[in-house]
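Structure first, then comments.
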Amino acid sequence: NTSTLPITGLSEAAERPANFIGIHFFSPVDRMELVEIIVGKTTSQETLAKALDYCKQLKKVPIVVNDSRGFFTSRVFDTYIREGLEMLIEGIAPAIIDNVGRMTGMPRGPLELLDDVAIDLVDRVAGQRRIDLNLPAPAAGDTDKFLIDMVAQERWGRKNGKGVYDYPQGEPKRLWAGLADMYPVKISESSPELVEHLKQRLLYRQAVEAARCMDENVVTAARDADVGAILGWGFAPWTGGPISLIDSTGVAEFTAACEALAAQYGERFAPPALLKTMAGKGERFYPAPKPLAA
């Protein structure tokens, strides 16, 4: 997968590593405006300038990120799918998960998007990550184990008509009946409180990962994070992007909410040091809007 290519590592084999840069297009290329420019450790400013000019000639919208696994867009987008799978494993009805996903403003629910991206592709990326980081085989209840089990049953997603959903020819898609055998449904009734909680999980999981990317200097500009999220995978446009969502919520309030979610669901929600520091100082990512004149 393109987003797993190590730009810095590849540049080491180049005669002129300063001229080496990554340009990540999005599918379908003719319709997707965004281009993610990946700067390696040896990439020169001149090379970056040429890449930006190239994107301008193509009438694309570029964001600039530093080289890291998954770059920015794939890394954060993956958390949306993963949180949906966590909910599925917990026993929340798949229909509730995908409906709530769309209610957040996302173009599709996380399980629907997993089928669209292709389960076997996500599994291959996850498998390569385990190899590269020397991680153990996933245990039962792990989202990676779900991917492995689905691929073993040749349920690859929309591309072969069998994934989380079945895609009978000429008929609307429907949830695969075997899913309930893998993960029995424990919560099939929705409620306003449940919907709001699940919406928060889906949005905040992505937003806290975007904040981690800023903390790790993967992306250095809040604008690039927001533009990349909205144009790259359709992050709920009404929020202005994941970093704008943090600002509008209040950095301190968002950080506290993530700490509460981390206590309940694990470290995937833990706020990075950057958020804690900003919360303590009363800071925000963007300048505070000026009050309207009376």
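Okay, so the sequence shown: first residue is 2 according to the numbering used here, each after it adds one.
Cβ coordinates follow ideal geometry from the N, Cα and C atoms, glycine included.
Q) In terms of residues, what are the limits of the alpha helix (DSSP H) holding Phe270? A) The count along the sequence shown starts at 1 and reaches residue 270 at position 269. For Phe270, there is no enclosing alpha helix (DSSP H), as DSSP marks it with neither H nor E.
**Q.** For Glu16, the first and last residue of its enclosing alpha helix (DSSP H)
**A.** Numbered from its first residue, the sequence shown carries residue 16 at position 15. Looking at the DSSP string, Glu16 is not in any alpha helix (DSSP H), and its letter there is neither H nor E.
Q) Mapping DSSP to helix, strand and coil, what is Tyr166? A) As a working mapping, residue 166 is identified with position 165 in the sequence shown. Looking at Tyr166 - three-state DSSP - the assignment turns out to be strand.
Q: Report, in whole angstroms, the separation of the C-beta atoms of Thr44 and Glu87, which I expect to be a contact under 8 Å.
A: Counting from one through the sequence shown, the residue named residue 44 turns up at place 43. Counting from one through the sequence shown, the residue named residue 87 turns up at place 86. That belief does not hold up - the Cβ atoms of Thr44 and Glu87 are roughly 36 Å apart, past 8 Å.
(Q) Report the start-end ranges of each beta strand (DSSP E) in the segment 4 to 88 that is 3 residues or longer and not cut off at the edges. (A) List check, beta strand (DSSP E) in window: 23 to 26, 35 to 40 and 62 to 67.
**Q.** When Gly10, Thr48 and Arg32 are compared against Asn20, the one with the closest alpha-carbon
**A.** Translated into positions along the sequence shown, residue 20 becomes position 19. For Asn20, the nearest C-alpha among the options comes from Thr48.
Q) Is Pro111 buried or exposed, if buried means 16 or more other CB atoms sit within 10 Å of its CB? A) In the sequence shown, counting from the first residue as 1, residue 111 sits at position 110. Classification of Pro111: buried, given that the 10 Å Cβ count is 16 or more.
(Q) For Val77 and Arg70, what's the separation of their Cα atoms in angstroms? (A) On the sequence shown, residue 77 is found 76 positions in, with the first residue counted as 1. On the sequence shown, residue 70 is found 69 positions in, with the first residue counted as 1. One alpha carbon belongs to Val77, the other to Arg70, and they sit about 11 Å apart.
Q) Among Gln265, Pro273, Ala222 and Gly23, which has the Cα closest to the Cα of Asp1? A) Past the boundaries of the shown model lies residue 1; the chain is included only from 2 to 295, so the question cannot be answered.
Q) Which class does Leu136 belong to by DSSP, given the choice of helix, strand or coil? A) Position 135 of the sequence shown, counting from 1, holds the residue named residue 136. In the structure shown, Leu136 sits in coil (DSSP, three-state: anything other than H, G, I, E or B).
(Q) To the nearest angstrom, how far is the alpha carbon of Val219 from that of Ile188? (A) Working through the sequence shown from its first residue, we reach residue 219 at position 218. Working through the sequence shown from its first residue, we reach residue 188 at position 187. About 38 Å.
Q. Nearest CA to the CA of Tyr55: which residue from Trp177, Glu190, Phe26 and Thr74?
A. Indexing the sequence shown from 1 puts residue 55 at position 54. When only C-alpha atoms are compared, the closest one is Phe26.
Q.
Does Thr3 pass the burial test, meaning 16 or more other C-beta atoms within 10 Å, or should it be called exposed?
A. In the sequence shown, counting from the first residue as 1, residue 3 sits at position 2. It is exposed - the Cβ of Thr3 has fewer than 16 other Cβ atoms within 10 Å.
Q) Apart from the five residues on each side of it in sequence, which residues of its chain come closer than 6 Å, Cβ to Cβ, to Ala230? A) Counted from its first residue, the sequence shown places residue 230 at position 229. By the criterion of a C-beta distance shorter than 6 Å, Ala230 is surrounded in its chain by Phe236, Gly242 and Pro243, once the five residues flanking it on both sides are discounted.
Q.
For Ile188, list the residues DSSP reports as bridge partners.
A. Your numbering for residue 188 matches position 187 in the sequence shown. In DSSP, Ile188 forms a bridge with Ile93.
Q: Kindly indicate which three-state DSSP category Gly128 falls into: helix, strand or coil?
A: Sequence index remark: in the sequence shown, residue 128 carries index 127 (1-based). Reduced to three states, the DSSP call for Gly128 is helix.
Q) Is it buried or exposed for Asp117, if we count other Cβ within 10 angstroms and need 16 for buried? A) By one-based count along the sequence shown, residue 117 stands at place 116. So Asp117 ends up on the exposed side.
Q: With a threshold of 16 other CB atoms inside 10 Å of the CB of Lys51, please say whether the residue is buried or exposed.
A: Walking along the sequence shown from the start, residue 51 turns up at place 50. Lys51 comes out exposed.
Q) Is there contact between the segment 141 to 155 and the segment 199 to 209, where contact requires at least three CB pairs shorter than 8 Å? A) Touching, no.
Q: State the Cα-Cα distance for the pair Gly267 and Tyr81, rounded to the nearest angstrom.
A: Here residue 267 corresponds to residue number 266 of the sequence shown, with the count starting at 1. Here residue 81 corresponds to residue number 80 of the sequence shown, with the count starting at 1. Those two C-alpha atoms are separated by around 16 Å.
Q.
Could you pull the DSSP bridge partners for Leu176 from this structure?
A. For this step, residue 176 is matched to residue 175 along the sequence shown. DSSP output for Leu176 lists Tyr166 as bridge partner(s).
**Q.** Nearest residue (CA-CA) to Thr221, options Val186, Ile8 and Ile64
**A.** In the sequence shown, the residue the question calls residue 221 occupies position 220. The candidate whose alpha carbon is nearest that of Thr221 is Ile64.
Q. With burial defined as no fewer than 16 other Cβ atoms inside 10 Å of the residue's Cβ, what is the status of Ala94: buried or exposed?
A. The residue labelled residue 94 in the question sits at position 93 within the sequence shown. With 16 or more Cβ atoms within 10 Å of its Cβ, Ala94 is classed as buried.
Q. According to DSSP, what are the bridge partners of Gly158?
A. As a working mapping, residue 158 is identified with position 157 in the sequence shown. Partner(s): Lys163.
Q: Using the Cα positions of Leu136 and Asp124, report the straight-line distance between them to the nearest angstrom.
A: Reading the sequence shown from its first residue, position 135 is the one you call residue 136. Reading the sequence shown from its first residue, position 123 is the one you call residue 124. If you take the alpha carbons of Leu136 and Asp124, they lie about 14 Å apart.
Q) For Tyr168, which residues from the same chain have a beta carbon less than 7 Å from its beta carbon, with the 5 sequence-adjacent residues on both sides left out? A) For this step, residue 168 is matched to residue 167 along the sequence shown. If we look at Tyr168 and ignore the five residues flanking it on each side, its Cβ neighbours are Arg159, Gly162 and Lys174.
(Q) Which of the three DSSP states is assigned to Tyr205 in this structure? (A) What you label residue 205 is simply residue 204 of the sequence shown in a count that begins at 1. Tyr205 falls in the helix class under three-state DSSP.
Q) Leaving out the 5 sequence neighbours to the left and right, which residues in its chain are closer than 6 Å to Phe147 when beta-carbon positions are compared? A) Position 146 of the sequence shown holds residue 147. The answer, listed in chain order, is Leu86.
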